[in-house]
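*Asks:* Protein sequences appear in the order of chains A and B. Just so you know, we're using the working numbering here: the first sequence kicks off at 67 and counts up by one. Just so you know, we're using the working numbering here: the second sequence kicks off at 67 and counts up by one.
Number of protein chains: 2
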Amino acid sequence: MPNPTAAMLVIGDEILSGRTRDTNTHHLANALTARGIRLREVRVVADDHDAIVLAVNALRAGYDQVFTSGGIGPTHDDITADAVAAAFGAPIGVREDAHQILRDHYQRTGLELNEMRLRMARIPEGATLIDNPISAAPGFTLGNVHVMAGVPAIFEAMVAGVLPLLTGGDPLLSQMIDVHRGEGEIARPLADLAARFPALSFGSYPYQRNGAYGTQLVVRGTDAGQLDAAMVELAKLAAHS
Amino acid sequence: MPNPTAAMLVIGDEILSGRTRDTNTHHLANALTARGIRLREVRVVADDHDAIVLAVNALRAGYDQVFTSGGIGPTHDDITADAVAAAFGAPIGVREDAHQILRDHYQRTGLELNEMRLRMARIPEGATLIDNPISAAPGFTLGNVHVMAGVPAIFEAMVAGVLPLLTGGDPLLSQMIDVHRGEGEIARPLADLAARFPALSFGSYPYQRNGAYGTQLVVRGTDAGQLDAAMVELAKLAAHS
């Protein structure tokens, strides 16, 4: 059975302006790979209603699972929940279960659950809440779209909560080997190997270390036996260098 | 006049598998902001012909400039040049000017310009070459699409070569201030300010430092006078905290 596919949607002007470096994609990529789910596409869009709706609808139609990051806080530019609801044509409002979570949290911390914080309890009809063990305000899953916070520690906690609920696939294995030659020297035998092992994917990544050129060869796939067979061939390649 | 817009397309299985962390987007975001060009969307796709063609055509239709990163090396999975040519319906083959650049480079370095390395001289008809001061193999500009290497040092050198040729816009200015309160406390006055200054964009980024909660407020725009006026108001907000 082929591995399930996924896409990531990062929402945030601060990534596009260069103020902030997105680290959530890299975290999700590794978590999905470990779970046998193939991350096939990432998009970053601005805090813009139409851009979010468009991206959500394109990605949820194209992939088995979609993960979003950002735009679910209390401020005026936190518009992700409303945009995702609009993408599904689902009604949205303050939901009692989410409201209760916020009431408990702000009672405990002694802060006021004001009108803007209450925005974080706006959840589309039909969605399931995603637990936020750090700052309470929940994410949610609607259809195949998982809506999560942008703050990395919260995003990562939410991913840890969501992933076990999803159907995974055969683990995506990878092995690598360094070859002390430039990429162009081994490109031909590598292409021949790739043709002999069509179920595996072969990547080559040139590097320069202490002034010497080399290439890291990475082979990925789900069949451990084929992976081992391919590594024997790659090791021969490396030995000739 | 509104600022020109741009999109970035990152091509590479290694980003999606989590092996490599993309740093080119962050570099480009800052370079574009300094030049007054608004980065509005980023996509990451796999080393897959159809996925690249689809993304190139969507982005070049939607934005003034498109920058791609990755997939222009000598190996079998370097398929960006052919995919971009296909997206434009442009013929592609080894072009004499690019061939000459590679001949000179490999003569100088004493390495063989073999059949796979020659793939790096495949340039679509009608494209302009982008200089590669590091490893010679050129990028190219076709229409509003700038095709560049994925290796960060080469990508950055190519960006430095391309950006001065593009029409920029009024510089995108930003100012920031720290408020020693949670995001939810200042969300209301911040929303009111955002409504009073519709030409500016206001972002708020919660942080936790030495156990204390705070929020960094960032205001962005092209009108320095308005930016200063908004900062006076933000400073009042901060003083009340």
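Backbone N, C-alpha and C fix where the C-beta goes; we use that ideal spot for every residue, glycine too.
Any C-beta of chain B sitting closer than 8 Å to the C-beta of A/L75?
*Replies:* Contacts with chain B at 8 Å (Cβ-Cβ) do not include A/L75.
*Asks:* Hey, could you find the ends of the beta strand (DSSP E) B/D143 is sitting in?
*Replies:* DSSP places B/D143 outside any beta strand (DSSP E), giving it a letter other than H or E.
*Asks:* Going by C-alpha to C-alpha distance, which of A/V132, A/A223, A/Y172 sits closest to A/L208?
*Replies:* A/V132
*Asks:* In the DSSP assignment, the beta strand (DSSP E) including A/Y273 goes from what residue to what residue?
*Replies:* 267-275
*Asks:* What would DSSP say about A/L229, mapped onto helix, strand or coil?
*Replies:* helix
*Asks:* Is DSSP giving B/L293 helix, strand or coil here?
*Replies:* The three-state secondary structure of B/L293, taken from DSSP, is helix.
*Asks:* Leaving out the 5 sequence neighbours to the left and right, which residues in its chain are closer than 8 Å to A/Y273 when beta-carbon positions are compared?
*Replies:* Y279, G280, T281, Q282
*Asks:* Can you tell which of A/R247, A/E251, A/M242, A/G248 has its C-alpha closest to the C-alpha of A/S48?
*Replies:* This structure does not reach residue 48 of chain A, given that chain A is present from 67 up to 307, and the question cannot be answered.
*Asks:* Skipping 5 residues on each side, what residues in its chain have a beta carbon closer than 8 Å to that of A/R87?
*Replies:* Here the set comprises I81.
*Asks:* Are A/L303 and A/V217 touching if we call contact CB-CB under 8 Å?
*Replies:* no
*Asks:* Which of the three DSSP states, helix, strand or coil, is assigned to A/M186?
*Replies:* In the structure shown, A/M186 sits in a helix (DSSP, three-state: H, G or I).
*Asks:* Could you check whether the Cβ of B/L105 sits closer than 8 Å to any Cβ belonging to chain A?
*Replies:* yes
*Asks:* How many whole angstroms separate the CB atoms of B/A112 and B/D79, which I take to be in contact at a CB cut-off of 8 Å?
*Replies:* 5 Å
*Asks:* Would you list the residues sitting across from A/G287 in a DSSP beta bridge?
*Replies:* A/L239
*Asks:* Under 8 Å Cβ-Cβ, which residues of chain B neighbour A/S135?
*Replies:* Near A/S135 there are no residues of chain B at all, since even the closest Cβ is about 13 Å away, more than 8 Å.
*Asks:* Could you give the distance in angstroms between the alpha-carbon of A/P263 and the alpha-carbon of A/Q292?
*Replies:* One point to set straight first is that residue 263 of chain A is Phe, not Pro, in the sequence displayed. Those two C-alpha atoms are separated by around 8 Å.
*Asks:* Between B/G84 and chain A, is the shortest Cβ-Cβ distance under 8 Å, so that the two count as touching?
*Replies:* yes
*Asks:* Taking only beta-carbon positions, decide if B/P140 is within less than 8 Å of chain A.
*Replies:* yes
*Asks:* Spatial neighbours of A/P140 within its chain, please: C-beta separation below 6 Å, excluding the five flanking residues on both sides.
*Replies:* In its chain, beyond the 5 residues on either side, M182, R183, R185, M186 have a beta carbon closer than 6 Å to the beta carbon of A/P140.
*Asks:* Going by DSSP, what residue range makes up the alpha helix (DSSP H) through B/E178?
*Replies:* Careful: B/E178 lies outside any alpha helix (DSSP H) and carries neither H nor E.
*Asks:* Answer with buried or exposed for A/N198, where buried requires no fewer than 16 other C-beta atoms within 10 angstroms of its C-beta.
*Replies:* buried
*Asks:* Output yes if chain B places a C-beta closer than 8 Å to the C-beta of A/L239; else output no.
*Replies:* no
*Asks:* For B/R106 versus B/A73, is the C-beta spacing smaller than 8 Å?
*Replies:* yes
*Asks:* Give the DSSP-derived three-state secondary structure of B/E299 in the structure shown.
*Replies:* helix
*Asks:* Among A/P204, A/P157, A/R161, A/L94, which residue has its Cα nearest to the Cα of A/G137?
*Replies:* A/P204
*Asks:* Can you tell me whether A/Y172 is helix, strand or coil according to DSSP?
*Replies:* Note: A/Y172 maps to helix in three-state DSSP.
*Asks:* Helix, strand or coil for A/F221 per DSSP?
*Replies:* helix
*Asks:* Which residues, in chain order, does the region 277-298 of chain A contribute to contact with chain B at a C-beta distance below 8 Å?
*Replies:* V284, R286
*Asks:* Pick from B/M67, B/A152, B/L94: whose alpha carbon is nearest that of B/I118?
*Replies:* In terms of CA proximity to B/I118, B/A152 leads the group B/M67, B/A152, B/L94.
*Asks:* Are the Cβ atoms of B/I196 and B/I158 separated by less than 8 Å?
*Replies:* Judged by their CB atoms, B/I196 and B/I158 are not nearer to each other than the 8 Å cut-off.
*Asks:* Would you check if the distance between the CB atom of A/D130 and the CB atom of A/T194 is smaller than 8 Å?
*Replies:* no
*Asks:* Taking B/V298 as the reference, give the member of B/G277, B/Y271, B/N276, B/L256 with the closest Cα.
*Replies:* B/L256
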